[in-house]
Amino acid sequence: MGGHKNHYGYHEYRGRGGGRGRTVLLFIIALLLLLLAAGAAFYAMVELEYTDNGVKISWRNGQEATPSHPPVASDPLEIVTGPVDVTVGPTETVEPTPTPPPEPEYQPIAAVTVTTAQLRGGSAAQAVAAAGGNALVVEMKNVNGYLAWQSQAALAATMGTNAADNLTAQAVQTLAQTTDLYLVAKIQCFRDPLLATNRIGSLMTRGGNVWHDTQGMGWSSPANQQAADYLSTLCLELADMGFDEILLDKAGYPNFGEVNVLATSDNRPEDLSIPVSAFLERLSGELAQRGVCLSVLTDETLLPGDAVLTGLTSDVLAGHVGRVWLDGSASAQQYSALLTAAGWSDTAPRVVAKNAPFDGGSWYR
């Protein structure tokens with residue numbers, strides 16, 4: 248088989264697939280030419296400019312393309328808060344602890360006992376001066392429960408205890424306004440047969456009868472509200488009358504007679520000092536508002552180990568009264584020591600001894 252021989256002396260061979268390969272080659276060449284033409288056209292139509300903000304593309308016919316910008320860092324997150332509504336409730340007001348009034352300064356007194364007749368007759372002041380005293384003491388409620396003036400207490404009218412007139416009260420007012428005398432009103436307190444007869448806090452026997460002391464007198468109770476209210480009203484009226492001091496005789500429970508038969512009850516509890524202390528605390532506070540001193544007359548010896556039958560312990564007395572007046576059977580030296588131990592700082596003017604002063608202090612006769 249022969250073939251076409253080229254100028255190198257070899258024959259040229261033509262295979263059966265030669266036509267298809269040529270067609271593919273021509274297509275590739277045409278595609279490359281097309282891309283080249285498109286790139287040349289794009290380059291001819293735009294102008295590239297490199298700036299600090301990126302590549303700026305400008306069309307050659309005057310239109311300017313939007314430049315591309317480098318990515319911008321996100322701004323810090325700004326948190327916007329509205330005003331905080333804080334509701335402050337009302338501040339609780341703490342009331343300051345009231346400061347107790349200063350302890351009054353007690354001056355020694357030299358008290359002379361006078362009668363209501365001397366008051367009404369105008370000779371009371373002369374009697375005090377003649378005895379070398381600077382104070383007078385007069386009984387304004389006696390052992391039978393009767394008063395030396397006309398009280399406004401409803402119970403006084405009910406029991407018929409008022410005086411026939413007010414001349415004694417008027418005499419007291421005159422002395423208070425015209426002299427420098429220290430005026431002391433003495434009243435029989437819970438030893439009151441009229442209160443006992445009317446069953447107002449009556450002390451009872453274990454058999455259920457009204458109890459009487461050795462002189463046949465009935466007693467009322469410091470624990471009874473009606474009795475305490477009545478006595479409080481009487482003392483405040485005396486303070487308003489012009490007295491400087493209210494002296495309570497028999498201000499507790501009985502300590503003489505057959506006390507062993509007394510019944511234990513609400514009117515006479517196991518601890519007698521509790522109702523006595525409550526009564527004196529109330530009354531001393533009421534009188535202090537009027538600038539009047541509350542004092543107590545006692546005859547109990549208060550020996551160590553002995554029961555305090557009246558309920559008037561040294562702690563009760565020291566805590567609630569201004570002065571302690573002593574019956575002749577009680578020792579001024581002993582009471583001075585007991586009251587000092589209970590808190591009194593100056594007992595000389597506050598322990599009122601009978602007939603003669605103790606340690607240069609107060610006395611009465």
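Remember, this note's numbering sits 247 above the position in the sequence shown when you count from 1. Using N, Cα and C, we set each Cβ at its ideal position, and we do this for glycine too.
{"Query": "Assigned secondary structure, A554 (DSSP; H/G/I helix, E/B strand, else coil)", "Result": "coil"}
{"Query": "Enclosing alpha helix (DSSP H) for I521 [first to last residue]", "Result": "520-535"}
{"Query": "Cross-strand partners of T452 (DSSP beta bridge)", "Result": "L509"}
{"Query": "Residues of its chain near I434, where Cβ-Cβ distance is below 6 Å and the 5 sequence neighbours each way are ignored", "Result": "M387, K388"}
{"Query": "Distance between L483 and A423 (C-alpha atoms, nearest Å)", "Result": "16 Å"}
{"Query": "Close Cβ partners of G380 (< 7 Å) along its chain, the five nearest in sequence each way excluded", "Result": "A357, A358, V359"}
{"Query": "Alpha carbon of G256 to alpha carbon of L273, nearest angstrom", "Result": "With a pLDDT of 34 at G256, under the threshold of 50, the modelled position of that residue is not reliable, and the figure given next carries that caveat. Taking the straight line joining both Cα atoms gives about 30 Å."}
{"Query": "Separation of L278 from H251, as counted between CA atoms", "Result": "Because the pLDDT of H251 is 37, which lies under 50, any placement of that residue in the model is unreliable, and the question is left without a value."}
{"Query": "Exposed unless 16 or more other CB atoms sit within 10 angstroms - verdict on V319", "Result": "Only weak support is given to the placement of V319: the predicted model assigns it a pLDDT of 49, under 50, and the value that follows is read from those uncertain coordinates. Per the 10 Å Cβ criterion, exposed."}
{"Query": "Minimum C-alpha distance to E505 - residue among S576, T587, T452", "Result": "T452"}
{"Query": "Backbone CA spacing between Q373 and T421 [nearest angstrom]", "Result": "14 Å"}
{"Query": "Contact the region 511-522 vs the region 568-577: 3+ CB pairs below 8 Å", "Result": "no"}
{"Query": "Own chain residues within Cβ distance below 6 Å of L495, not counting five before or after", "Result": "C436, V543"}
{"Query": "N507, buried or exposed, once every other Cβ within 10 Å from all chains shown has been counted against 16", "Result": "exposed"}
{"Query": "Three-state class that DSSP yields for D606 in the structure shown", "Result": "coil"}
{"Query": "Candidates K497, S561, G569, D593, of which the one nearest Y582 by Cα", "Result": "S561"}
{"Query": "Beta-bridge pairing of K433 - partner residues as DSSP gives them", "Result": "E386, L494"}
{"Query": "Spatial neighbours of T461 in its chain, beta-carbon cut-off 7 Å, leaving aside the 5 residues before and after", "Result": "F503, G504"}
{"Query": "Strand pairing of R570, partner residues [DSSP]", "Result": "S542"}
{"Query": "Integer-rounded CB distance, given that M488 should sit under 8 Å from A416", "Result": "5 Å"}
{"Query": "Helix, strand or coil at Y611 according to DSSP, with G and I counted as helix", "Result": "strand"}
{"Query": "Segment limits, beta strand (DSSP E) that includes A584", "Result": "No beta strand (DSSP E) holds A584; the alpha helix (DSSP H) holding it covers 579-588."}
{"Query": "Of the listed residues P604, P351, G448, nearest to S592 (C-alpha basis)", "Result": "P351"}
{"Query": "Whole-angstrom distance between S468 and D553, CA atom to CA atom", "Result": "22 Å"}
{"Query": "Own chain, CB closer than 6 Å to S524, minus 5 neighbours either side, in chain order", "Result": "V563"}
{"Query": "Where the alpha helix (DSSP H) containing A357 begins and where it ends", "Result": "Not the alpha helix (DSSP H): A357 falls in the beta strand (DSSP E), residues 357-360."}
{"Query": "Proximity winner among P596, A565, A600, relative to A588 (alpha-carbon distances)", "Result": "A565"}
{"Query": "Opposing strand residues paired with L394 [DSSP bridges]", "Result": "K388"}
{"Query": "Where P522 falls, given that 16 or more other Cβ within 10 Å makes a residue buried", "Result": "buried"}
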